[in-house]
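Here the structure comes first, spelled out in structure tokens, and everything after it is commentary.
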Amino acid sequence: MRAAGPGPGYREEDQVVDDDAKIYVISVAAQLAGMHPQTLRQYDRLGLVQPGRTRGRGRRYSHRDIQMLREVQRLSQDEGVNLAGIKRILELEAEVRQLRRQVEFLRTLVDPGRRVFTADPTGNVVADRRHPLAEPVPARRTARWVPRQLVAGPSAQRRDG
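Numbering (my numbering), first residue to last: 532 to 692.
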């Protein structure tokens, strides 16, 4: 009897699994990371890795978590970094990833063909008011010189004033 399995044309490499999907139980994650399950529990308590939880409070690890566990092990064993140092390194790496995402987002807002800054007539560098990221410039009222109409001539104005 043949075991029920994928149909014809199935190829394992065609299957896409989200790196953040929490699918591995602690024993499998420990085996994949080359660690003891108790080590994973300790790293969870220290906040080095945050596994998902089932309703029964069982831990579930993602592929990304396992990569993180391997990195923790490498930093600890190969580089001699203590766990507090590893935690700080991981926090800083996460911050760098976030900042890079932010920079990429901001780059999408800036059209590479448009200038953000330009020079004013005096040579000072100023924000290009046509650019979408530039601060809005309040509308200026233009003063217009209008000559006075002399109704009664110059001598009449001197008497009124």
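All residues carry an ideal CB built from backbone N, CA and C; glycine is no exception.
At least 3 beta-carbon pairs within less than 8 Å: the region 613-626 vs the region 587-594: In short, these stretches do not touch, since the Cβ pair count stays below three.
Beta-carbon spacing of Thr579, Lys618 below 8 Å: The residue labelled residue 579 in the question sits at position 48 within the sequence shown. The residue labelled residue 618 in the question sits at position 87 within the sequence shown. First, the amino acid is wrong: residue 579 is Leu here, not Thr. Taking a C-beta distance under 8 Å as the contact criterion, Leu579 and Lys618 qualify as a contact pair.
Contacts around Leu571, its chain only, beta-carbon distance under 8 Å, and the 5 residues preceding and following it disregarded: Along the sequence shown, one-based indexing puts residue 571 at 40. Cβ within range, chain order: Ile557, Ala560, Ala561, Ala564, Val580, Pro582, Arg590, Tyr592 and Leu600.
Burial state of Val603, where buried means 16 or more other Cβ atoms lie within 10 Å: Residue numbering aside, residue 603 sits at position 72 when the sequence shown is read from its first letter. Label assigned to Val603: buried.
Buried versus exposed, by CB contacts within 10 Å (16 or more), Asp596: For the purposes of this step, residue 596 is identified with residue 65 of the sequence shown, where counting begins at 1. Under the 10 Å beta carbon count, Asp596 is surrounded by 16 or more other beta carbons and is classified as buried.
Any non-hydrogen atom of the ligand FMN closer than 7 Å to Asp551 Cβ: The ligand FMN is not part of this structure, which contains no ligands at all.
Inter-residue Cα distance where the pair is Ala658 and Val641: Counted from its first residue, the sequence shown places residue 658 at position 127. Counted from its first residue, the sequence shown places residue 641 at position 110. For Ala658 and Val641, the distance between alpha carbons rounds to 13 Å.
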